[in-house]
Amino acid sequence: MTRTRTDVLVVGGGPVGLAAALHARRAGHDVVVVDRRAGVIDKACGEGLLPGALAAVLDLGVDPPGHPLAGISYRDATRHADHPFAAGPGRGVRRTALHAALRERALAEGVVVEHATLRTLTQDARGVDVTLDPHDDATPDQGDGTRVVRADWVLGCDGLHSTVRRLAGLDAPARGRARFGLRTHYRVAPWTDLVEVHWAPHAEAYVTPVAPDVVGVAVLTHRDASRNAGRDARAGLDAFPGLADRVRDVPVLGRVRGAGPLRQRARRRTAGRVRLVGDASGYVDALTGEGVRVGLAQAQAAVRHLDDAAAYERAWARATRDYRVLTAGLLAWAGSPARRAIVPAASAAPWLYGAVVERLAR
6 MTRTRTDVLV
16 VGGGPVGLAA
26 ALHARRAGHD
36 VVVVDRRAGV
46 IDKACGEGLL
56 PGALAAVLDL
66 GVDPPGHPLA
76 GISYRDATRH
86 ADHPFAAGPG
96 RGVRRTALHA
106 ALRERALAEG
116 VVVEHATLRT
126 LTQDARGVDV
136 TLDPHDDATP
146 DQGDGTRVVR
156 ADWVLGCDGL
166 HSTVRRLAGL
176 DAPARGRARF
186 GLRTHYRVAP
196 WTDLVEVHWA
206 PHAEAYVTPV
216 APDVVGVAVL
226 THRDASRNAG
236 RDARAGLDAF
246 PGLADRVRDV
256 PVLGRVRGAG
266 PLRQRARRRT
276 AGRVRLVGDA
286 SGYVDALTGE
296 GVRVGLAQAQ
306 AAVRHLDDAA
316 AYERAWARAT
326 RDYRVLTAGL
336 LAWAGSPARR
346 AIVPAASAAP
356 WLYGAVVERL
366 AR
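In this note's numbering, the protein residues as written are 6 to 367.
Here it is, written out as structure tokens:
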């Protein structure tokens, strides 16, 4: 077993983890990013960067390819409500394209990115020791390549089912009914430059143009999407007959990906020298499409307040407040008999609908 050290160890090499690594590197720290997945990482998500999220990505020096997004459209079987972004367009970006661009930038700035699996985490007043295995199927007692990394700080950016959160003793039981997501790409020219949110009695479908010839469709529902991931490309679209007809004969790109349960809770965002960032720090739902923006804001705040846990907790609360309040409120409305009134209300009160969209797009 070998031993190495670094200033900041980021566990989780997705967009939020890479953003945190970039901020830490620019603050003068040596940074290592580890992820159990190798290469460019994909995941089930809506893939729409709203204007605020796009600005944050561009501020990192990254300009991923994609398709302009002019606004958001809420739709049901009979009506729709459209609102264009006042601040200019967002961008639909395939998760693989976003990850590849951030990874390239991180490597160019001296971040070390490794393929390894976190096994153990212990800490004292001066640092954190983590045990890493270089392969997904390795176990610590094999001793083949296993090493201990001593880090001044550990940033847990490892997603909904965070190992860092669990090992740091920060897991909290989720509340409410579980929700799941399923994402599919279709080889078709986008028929709109809006993010379409289709509402059905028990599910929502998000249509996001991500390239001149690719559209992503993400379905959110209470049904466990993981059972269909990689198999049924049109799973969940039975609730949206109009959308299902539009993509019925369209080629499917790649595998279908599922995610969930979406709701996750953490007791705190900090434990000693460990910080939770992004989905690992707690997640309400993907309903409002704010995950990337909120995660990037947390990444910046975590690095700014590495040495002050209370300051990071306060910054985390500020960065996530709108997301938590709006998403929880919309979920409560969507889970009640008033769900069928969401699109009619948006259509009847465009000023209110527009105000909500603009708050989300910041």
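Backbone N, C-alpha and C fix where the C-beta goes; we use that ideal spot for every residue, glycine too.
Since the model is a prediction, treat every value here as computed from it, not as a measurement.
{"Query": "Straight-line Cα distance separating Gly181 from Gly115", "Result": "42 Å"}
{"Query": "Supposed contact pair Arg262 and Ala49 - C-beta distance, whole angstroms, cut 8 Å", "Result": "4 Å"}
{"Query": "Segment limits, beta strand (DSSP E) that includes Pro89", "Result": "85-89"}
{"Query": "Residue span of the alpha helix (DSSP H) that contains Leu336, given as start and end", "Result": "314-339"}
{"Query": "Own chain partners of Gly438 with C-beta closer than 6 Å, once the 5 adjacent residues on each side are dropped", "Result": "The structure shown does not extend to residue 438, since the chain spans only 6 to 367, so no value can be given for it."}
{"Query": "Sub-8 Å separation of Leu54 and Arg110 beta-carbons", "Result": "no"}
{"Query": "Through-space distance from Val289 to His207, alpha-carbon basis", "Result": "17 Å"}
{"Query": "Cβ shell of Thr7 (< 6 Å), same chain only, five flanking positions each side left out", "Result": "Arg152"}
{"Query": "Status (buried if at least 16 other CB within 10 Å, exposed otherwise) for Thr144", "Result": "Residue placement at Thr144 is flagged as unreliable, the pLDDT there being 44, under the threshold of 50; the coordinate-derived value follows with that caveat. Exposed."}
{"Query": "Range of the contiguous beta strand (DSSP E) that encloses Thr136", "Result": "133-138"}
{"Query": "Contact under 8 Å by Cβ, Arg344 with Trp338", "Result": "yes"}
{"Query": "Three CB pairs or more closer than 8 Å across the region 154-161 and the region 12-23", "Result": "yes"}
{"Query": "Own chain partners of Leu258 with C-beta closer than 6 Å, once the 5 adjacent residues on each side are dropped", "Result": "His190, Arg192"}
{"Query": "Residue environment, Leu365, which counts as buried when at least 16 other CB atoms sit within 10 Å", "Result": "buried"}
{"Query": "Contact under 8 Å by Cβ, Leu219 with Tyr211", "Result": "Inspection of the sequence shows that residue 219 is occupied by Val rather than by Leu. In this structure, Tyr211 does not lie closer than 8 Å to Val219 by Cβ."}
{"Query": "Beta-carbon gap between Ser78 and Ala91 smaller than 8 Å", "Result": "no"}
{"Query": "Cβ-Cβ separation, Arg273 to Leu172 (assumed contact under 8 Å), whole Å", "Result": "Wrong, their Cβ atoms sit about 14 Å apart, outside the cutoff."}
{"Query": "C-alpha distance - Asp81 paired with Leu187, whole-angstrom precision", "Result": "19 Å"}
{"Query": "Beta-carbon gap between Gln269 and Val282 smaller than 8 Å", "Result": "no"}
{"Query": "Simplified DSSP state of Asp141, which is helix, strand or coil", "Result": "Model confidence at Asp141 stands at a pLDDT of 48, short of 50, so the residue's coordinates are unreliable and nothing is read from them."}
{"Query": "CB of Val98 within 8 Å of CB of Glu52, strictly", "Result": "yes"}
{"Query": "Buried versus exposed, by CB contacts within 10 Å (16 or more), Val243", "Result": "In the sequence as displayed, the identity of residue 243 is Asp instead of Val. Under this definition Asp243 is an exposed residue."}
{"Query": "Bridge partners - Ile77, DSSP secondary structure assignment", "Result": "His88, Val200"}
{"Query": "Residues bridged to Glu119 (per DSSP)", "Result": "Val39"}
{"Query": "Chain-order list of residues whose beta-carbon lies under 8 Å from that of Ile46 (same chain, five-residue window excluded)", "Result": "Gly18, Gly19, Asp40, Arg100, Thr101, His104"}
{"Query": "Opposing strand residues paired with Gly263 [DSSP bridges]", "Result": "Leu187"}
{"Query": "Bounding residues of the alpha helix (DSSP H) (the contiguous stretch that carries Glu109)", "Result": "100-113"}
{"Query": "Selected residue, minimal CA-CA separation from Ala216, among Val279, Pro195, Pro89", "Result": "Pro195"}
{"Query": "Burial state of Leu23 (16 or more Cβ within 10 Å)", "Result": "buried"}
{"Query": "Neighbour-count burial assignment, Arg184, 16 or more Cβ in a 10 Å radius", "Result": "buried"}
{"Query": "Straight-line gap, Thr136 to Ala75 (C-alpha atoms, nearest Å)", "Result": "46 Å"}
{"Query": "Check whether Arg10 and Val169 have beta carbons under 8 Å apart", "Result": "no"}
{"Query": "Candidates Leu123, Pro349, Glu119, Glu318: closest to Ala271 by CA position", "Result": "Glu318"}
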